[in-house]
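So the structure is just underneath, and the comments pick up after that.
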Amino acid sequence: MLANAEALATGVAVFPGFNLIFHRNYGVTFGFFQNVPWWVLALVATAVVLFLVVSLIRATQAAEAVAYGMVIGGALGNIVDRLRFGGVTDFLDFYLGTAHWPAFNLADVFVVCGVGILLIFSGREKVAASETSR
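Now the structure itself:
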């Protein structure tokens, strides 16, 4: 276990441009709010999840419901990490040359993809509404 932890601390090359690493993120996206206590971040995230659950219940389209589910699931995964470890475990490290994207985890992927679907869905609804009002 210790050998794995040491290897992941410096990164394990999977293929050019991608490493597996171990990074504990005590803030939020891109490490913002590092100095905010973990329990405050967990509390805020829980409040956001509750709001999203209400939105999920009100969703009228399948794609919208799936997107809310993705965001809720990703947020809950990060909340569990924060409650267990005081921070979120990030392990995906993509890079180009010496420029590294900030490390992230699969919960982050679900949140970003879910938000992306919601934005696309929202944009399509606005276009449809403007076409019907003509």
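Take the sequence shown: its letters are residues 92 to 225, numbered as in the working numbering. Note that beta-carbon positions come from the ideal geometry of N, C-alpha and C, so glycine has one too.
Practice prompt. Sort out for me which residues DSSP pairs Arg-115 with in a bridge.
Written response: Paired residue(s): Thr-180.
Discussion item. Could you compute how far the alpha carbon of Leu-174 sits from the alpha carbon of Tyr-159?
Written reply: Annotation: Leu-174 to Tyr-159 spans about 22 angstroms, alpha carbon to alpha carbon.
Worksheet item: Since Trp-184 contacts Phe-109 with CB under 8 angstroms, what's their CB separation in whole angstroms?
Response: First, the amino acid is wrong: residue 184 is Asp here, not Trp. So it is a contact: roughly 7 angstroms between Cβ atoms.
Item to complete: Taking only the alpha-carbon atoms, compute the straight-line gap between Pro-193 and Phe-121 and give it to the nearest angstrom.
Response: 6 angstroms
Worksheet entry | Identity of the residue in Ala-150, Phe-182, Asp-199 nearest Asn-169 by Cα | The residue among Ala-150, Phe-182, Asp-199 with its C-alpha nearest the C-alpha of Asn-169 is Asp-199.
Worksheet entry | Exposure label - Ala-154; buried when at least 16 CB within 10 Å | exposed
Fill in: Beta-carbon proximity check, Phe-113 vs Phe-182, cutoff 8 angstroms
yes
Practice prompt. Determine the DSSP secondary structure at Val-103, reduced to helix, strand or coil.
Written response: strand
Worksheet item: Apart from the five residues just before and just after Leu-99, which ones in its own chain have a Cβ nearer than 8 angstroms to its Cβ?
Response: Leu-111, Ile-112, Phe-113, Phe-182
Practice prompt. Kindly list the residues whose CB is nearer than 6 angstroms to the CB of Gln-152, restricted to its own chain and excluding five residues on each side of it in sequence; keep chain order.
Written response: none
Worksheet item: Comparing alpha-carbon positions, which option in Val-119, Val-145, Leu-143 lies nearest Ala-133?
Response: Of the listed residues, the one whose Cα sits closest to Ala-133 is Val-119.
Worksheet item: Under the DSSP definition of a beta bridge, which residues are partnered with Leu-187?
Response: As computed with DSSP, Leu-187 is found in a beta bridge with Ala-190.
Discussion item. Mapping the DSSP letters down to three states, classify Phe-109 as helix, strand or coil.
Written reply: DSSP places Phe-109 within a strand segment (E or B) once states are collapsed to three.
Worksheet item: Can you list, in chain order, the residues of its chain whose CB lies under 7 angstroms from that of Ala-150, leaving out five sequence neighbours each side?
Response: Ala-156, Tyr-159
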